[in-house]
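Enquirer: Below you'll find the structure I mean.
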């Protein structure tokens, strides 16, 4: 048996008890509210590691495969830890034509990270996304909730440096 | 008037048809003799198994009013519908669906385990596919061959979801589920765990319904051939009751044809040194189980007692109800009992070193492949049974050995562990074990002869059945469940203290072992299961001895070797224990 999945000791007790309280507060059929529970869990832990998914499965008396199926179906849910800041580089057609690849490469370089992986300092996760509906500003990237338009790859070092303080709590 | 409201009418290929509301186009077409090809669809509604995912789109037909293609397996008939199943649009639509599936399929049919038994292949033939026009990306998934029982090759999966239906809705095990989305979808275990690391019961019902070679049993025949060709090994084989009424199907016989004598003859031709009958073990199981049951009954022991012949069911309770492990009988499954006797009793009588014996079981079951690797079923570092091959594997081995099965003259089992009664024969059908146990328990408790041995109230295909039997002044309350979802209901009752049964028989597979995961594929035809079960009951009817305790060789076994039923030696060799396992 893969012990890392059954072992839940690395999950923060306080966060788990908050999750338990949330589940207990749900009215009606709890199993049907799996997505809400996962949303809450991801909000608490930052991501949904396998042991946390199993924890949710057991709490709701659902098969773990079902929970894992839902988590892997929705792109919103992530099984990997994310950095403190999530950078999304739009690779939609308009942005791509306007040089989004260069932007993405530069962002990865400046954050010292790989696509969809947390950076070694824990501060960044860089994702490639499809059209975010801001084609007029192409190429576009977002850092957390902030949108940067008409990005020139020479500006990127500056943008990133603003987010380099602090540490990752996830 | 009410009846009319409930009815709807449509035309299919210009033929007028009236059907009840809620009837699918597929069902309506069938009613008037129009065949529509299907692939993902599976309908065994007699036993509560229906897969209606409408995923494969192979059954599309033309709805002329809408000028559109609709999946006939899930689209219900509406008043005034005009359906064409054979218009160019419908035929080409189906062909496109199939070609798209084939374009993402390994197409290694010649060497595939499902060659000539594959529903995808059969459809390609039926639809006269001669070329695949679509070239594109193909799935690339690692093959899970970690378990002793089931091999999963997702590259051959067509996403029909039949296995998902079996695993989740029918068996309520919930190990298989679709993960990811779009092209990346794969039917897999949680977190892509190895099947061995999950709560899989190895019941093999996913294998039973898989239309392609995506799920198959682990093949042990090469190991058996090797043992047969090793002069230092003494190779002994036994066959389960359900095998004899099913294997004929692989050789062109009707389902339910009894081929016991021909199986024995082919096994001897293949070079097995002794051919024994698992039915002997079934009779022995009944003696031990009835003894245990009567003991529990008379000493206020844990009731209800649950039968323990089915290893998938045992695996199920260990993972899903670890708090109820004192409920099942401690009896090993019949083939394990025969296995332990082969390496002790038989070895001793014939002065053969147990380590030189290779013991093979031919089973209708995939779970038994995993069962033999359980540590507690090992004595002195030797497994009670070394290899389990399924009915399907045996039929392939017979063909491989170029044995003309149909021409074989019947042969008999070898004597020492070969005799059996009618009670043992019906072990292969749901309700059979508890019927056999009742026949013996009745005489054990009352000391009187049981005149009417048929307990027809135990028989049938209803998922959960209950019956009462008067034994002396005691009314025995009997519960029977087949399919693990039904078992779950009975177990929940026990857990909640609401169960009113004294004894419960559980078999994991639909219909019992006759519908086992290792049997010839039924391809969704429930009549095949019914005929196999009937054949077992007919066999029982024809037997002179129909109560397990009348088996003379079993009586001799106790006299010569074991002593009393339920004593220390019997416990050491014929009983087992269960352990709690995680649910994942």
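Residue numbers (the working numbering), protein chains in the order written: chain A, 5 to 174; chain B, 231 to 814.
Idealized CB from N, CA, C, for every residue including glycine.
1. Mind checking which residues open and close the beta strand (DSSP E) that includes residue 710 (chain B)?
2. Which residues of chain A have a Cβ atom closer than 7 Å to the Cβ of residue 404 (chain B), listed in chain order?
3. Measure the CB-CB distance between residue 594 (chain B) and residue 437 (chain B) and report whether it falls below 8 Å.
4. Would you mind listing the beta strand (DSSP E) stretches within the segment 483-569 of chain B that are 3+ residues and don't spill past its ends, in chain order?
5. Is it a yes or a no for the segment 466-484 of chain B touching the segment 622-631 of chain B, going by three-plus beta-carbon pairs under 8 Å?
6. Per DSSP, which residues does residue 695 (chain B) bridge with? Please list them.
7. In three-state DSSP terms, what is residue 76 (chain A)?
8. Residue 647 (chain B): which of B:612, B:546, B:751, B:507 sits nearest, CA to CA?
9. Is residue 831 (chain B) close to chain A? Criterion is C-beta to C-beta, closer than 8 Å.
10. Contact defined as beta carbons within less than 8 Å: I believe residue 51 (chain A) pairs with residue 84 (chain A). What is the distance between those atoms, to the nearest angstrom?
11. So the alpha helix (DSSP H) residue 473 (chain B) belongs to, where does it begin and stop?
12. Where in the segment 746-805 of chain B do unbroken runs of the alpha helix (DSSP H), each at least 4 residues long, occur, reported from the N-terminal end onward?
13. Given a cut-off of 8 Å on the beta-carbon distance, is the pair residue 659 (chain B) and residue 520 (chain B) in contact?
14. Taking only the alpha-carbon atoms, compute the straight-line gap between residue 359 (chain B) and residue 22 (chain A) and give it to the nearest angstrom.
15. Of all the residues that make up the segment 46-64 of chain A, which are near chain B by a beta-carbon distance shorter than 7 Å?
16. Determine the extent of the alpha helix (DSSP H) in which residue 627 (chain B) is found, giving its start and end residues.
17. Got a sec: is the Cβ-Cβ distance from residue 164 (chain A) to anything in chain B below 8 Å?
18. Please tell me whether residue 77 (chain A) has its Cβ less than 8 Å away from any Cβ of chain B.
19. Determine, using beta-carbon pairs with one atom in the segment 362-379 of chain B and one in the segment 249-258 of chain B, whether at least three such pairs fall under 8 Å.
20. How close, in whole Å, do the beta carbons of residue 90 (chain A) and residue 155 (chain A) come, if the pair is a contact with beta carbons under 8 Å?
21. Compare the C-beta of residue 42 (chain A) against all C-beta atoms of chain B and say whether one is closer than 8 Å.
22. Output, in chain order, the set of chain B residues within a Cβ distance shorter than 8 Å of residue 10 (chain A).
23. State yes or no: is the C-beta of residue 566 (chain B) within less than 8 Å of the C-beta of residue 558 (chain B)?
24. Measuring CB atoms only, is the segment 686-693 of chain B touching the segment 661-668 of chain B, in the sense that at least three cross pairs come out at less than 8 Å?
25. When burial is assigned at 16 or more other CB atoms within 10 Å of the CB, is residue 166 (chain A) buried or exposed?
26. In the DSSP assignment, the beta strand (DSSP E) including residue 128 (chain A) goes from what residue to what residue?
27. Pull up the CB-CB distance for residue 783 (chain B) and residue 502 (chain B), whole angstroms please, since I reckon it's below 8 Å.
28. Per DSSP, which one or two residues make a beta bridge with residue 273 (chain B)?
29. The segment 420-447 of chain B: which residues have C-beta closer than 7 Å to a C-beta of chain A, in chain order?
30. Using a Cβ-Cβ cut-off of 8 Å, state whether residue 73 (chain A) counts as contacting chain B.
31. Which residues does DSSP list as the beta-bridge partners of residue 613 (chain B)?
32. Where do the N-terminal and C-terminal ends of the alpha helix (DSSP H) with residue 396 (chain B) fall, by residue?
33. Taking residue 398 (chain B) as the query, report the chain A residues whose CB atoms sit under 8 Å from its CB, ordered along the chain.
34. State the DSSP-derived secondary structure class of residue 34 (chain A), mapped to helix, strand or coil.
35. At which residue ranges does the segment 293-361 of chain B contain complete beta strand (DSSP E) runs of 3 or more residues, listed in the order of the chain?
36. Three Cβ pairs or more, each shorter than 8 Å: is that satisfied between the segment 583-599 of chain B and the segment 794-808 of chain B?
Expert: So, from the data block:
1. As a position in the second chain, residue 710 (chain B) is number 480, starting the count at 1. Here the beta strand (DSSP E) through residue 710 (chain B) covers 704-712.
2. As a first step, residue 404 (chain B) is located in the second chain; it is residue number 174 there, counting from the start. Ordered by position in chain A, the residues that pass the 7 Å Cβ test against residue 404 (chain B) are 67, 69, 70.
3. As a working note, residue 594 (chain B) is residue 364 in the second chain. As a working note, residue 437 (chain B) is residue 207 in the second chain. Contact flag unset, no.
4. 504-507
5. yes
6. Mapped onto the second chain, residue 695 (chain B) falls at position 465. The partner list for residue 695 (chain B) (beta bridge, DSSP) reads B:710.
7. Taking the first chain and counting its residues from 1, one reaches residue 76 (chain A) at position 72. DSSP places residue 76 (chain A) in helix when its eight states are reduced to three.
8. Locating residue 647 (chain B) in the second chain gives position 417, where the first residue counts as 1. Checking every option, the nearest Cα to that of residue 647 (chain B) belongs to B:507.
9. What the structure shows of chain B is the stretch from 231 to 814, and residue 831 (chain B) is not part of that stretch, so it cannot be assessed.
10. Within the first chain, the letter at position 47 stands for residue 51 (chain A). Within the first chain, the letter at position 80 stands for residue 84 (chain A). Their Cβ separation, rounded to whole angstroms, is 6 Å, which keeps residue 51 (chain A) and residue 84 (chain A) in contact under 8 Å.
11. By one-based count along the second chain, residue 473 (chain B) stands at place 243. Note, residue 473 (chain B): alpha helix (DSSP H), 471-474.
12. 756-772, 782-787, 798-804
13. Numbered from its first residue, the second chain carries residue 659 (chain B) at position 429. Numbered from its first residue, the second chain carries residue 520 (chain B) at position 290. The answer is no: Cβ separation not under 8 Å.
14. Translated into the one-based positions of the second chain, residue 359 (chain B) becomes position 129. Translated into the one-based positions of the first chain, residue 22 (chain A) becomes position 18. Their Cα atoms are separated by approximately 58 Å.
15. 54, 58
16. As a working mapping, residue 627 (chain B) is identified with position 397 in the second chain. Residue 627 (chain B) -> alpha helix (DSSP H) spans 621-630.
17. Residue 164 (chain A) sits at position 160 when you count from the first residue of the first chain. So no, residue 164 (chain A) is outside the interface.
18. In the first chain, the residue the question calls residue 77 (chain A) occupies position 73. So, interface residue.
19. no
20. Your numbering for residue 90 (chain A) matches position 86 in the first chain. Your numbering for residue 155 (chain A) matches position 151 in the first chain. With 8 Å as the limit, residue 90 (chain A) and residue 155 (chain A) do not qualify as a contact, their Cβ atoms being about 16 Å apart.
21. For the purposes of this step, residue 42 (chain A) is taken as the residue at position 38 of the first chain. It does not: the Cβ of residue 42 (chain A) has no partner Cβ on chain B nearer than 8 Å.
22. Stepping through the first chain from its first residue, residue 10 (chain A) is reached at position 6. Ordered by position in chain B, the residues that pass the 8 Å Cβ test against residue 10 (chain A) are 812, 814.
23. Counting from one through the second chain, the residue named residue 566 (chain B) turns up at place 336. Counting from one through the second chain, the residue named residue 558 (chain B) turns up at place 328. No.
24. yes
25. Counted from its first residue, the first chain places residue 166 (chain A) at position 162. So residue 166 (chain A) counts as exposed.
26. Here residue 128 (chain A) refers to the residue found at position 124 when the first chain is read from its first residue. Start and end: 128-133.
27. Here residue 783 (chain B) is taken as the residue at index 553 of the second chain, counted from 1. Here residue 502 (chain B) is taken as the residue at index 272 of the second chain, counted from 1. That belief does not hold up - the Cβ atoms of residue 783 (chain B) and residue 502 (chain B) are roughly 19 Å apart, past 8 Å.
28. Within the second chain, residue 273 (chain B) is the residue found at index 43, counting from 1. Answer is B:280.
29. 420, 421, 423, 427
30. Locating residue 73 (chain A) in the first chain gives position 69, where the first residue counts as 1. By this cut-off, residue 73 (chain A) is an interface position.
31. Taking the second chain and counting its residues from 1, the one referred to as residue 613 (chain B) is at position 383. Answer is B:608, bridged to residue 613 (chain B).
32. By one-based count along the second chain, residue 396 (chain B) stands at place 166. Where residue 396 (chain B) is concerned, there is no enclosing alpha helix (DSSP H), given that its DSSP letter is neither H nor E.
33. Position 168 of the second chain, counting from 1, holds the residue named residue 398 (chain B). Near residue 398 (chain B) (Cβ distances below 8 Å), the residues of chain A are 67, 70.
34. Counting from one through the first chain, the residue named residue 34 (chain A) turns up at place 30. Looking at residue 34 (chain A) - three-state DSSP - the assignment turns out to be coil, as it is neither helix nor strand.
35. 298-301, 311-314
36. no
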